[in-house]
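Asks: Note that this note's numbering numbers the sequence shown so that position 66 is 1026, with each residue one more than the last.
Pasting in a structure now, in structure tokens, and then I'll have a few things to ask.
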Amino acid sequence: MISLHPEFLSKNGKKEFAVLPYEEFVRIEELLADLEDLRELREAKQSEAQLPTVTLEEVKRRLGRS
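Written out as structure tokens, the structure is:
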């Protein structure tokens, strides 16, 4: 877990915005991008789970390299 050090800006006594050090913002962006990549990978794997597979040996045989 990353450690955050926000400063809060208030309006009418209610927190409205959180300001982060730039390095923390960049780290959060990277983590969100990684999470999105993982979600897309899982979706792709699930959508292709029922497709037929070909072993490496079969590929070599088909290419005449066995």
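Glycine included, every Cβ here is placed at the ideal spot set by N, Cα and C.
#1: Is the beta carbon of PHE985 closer than 9 Å to that of GLU976?
#2: Hey, how far is the Cα of GLU989 from the Cα of GLU1000?
#3: Below 8 Å on the Cβ atoms is my contact criterion, and I expect LEU991 with LEU980 to pass it. Report the Cβ-Cβ distance as a whole number of Å.
#4: Using a Cβ-Cβ cutoff of less than 7 Å, which residues in the same chain neighbour ALA978 once the five nearest sequence positions on both sides are dropped?
#5: To which residues does DSSP link SER970 through a beta bridge?
#6: Rounded C-beta distance between ILE962 and ARG987? I'm assuming under 8 Å.
Replies: According to the structure data:
#1: no
#2: 17 Å
#3: At roughly 13 Å, the Cβ-Cβ gap does not stay under 8 Å, so LEU991 and LEU980 are not in contact.
#4: PRO966, PHE968
#5: LYS975
#6: 6 Å
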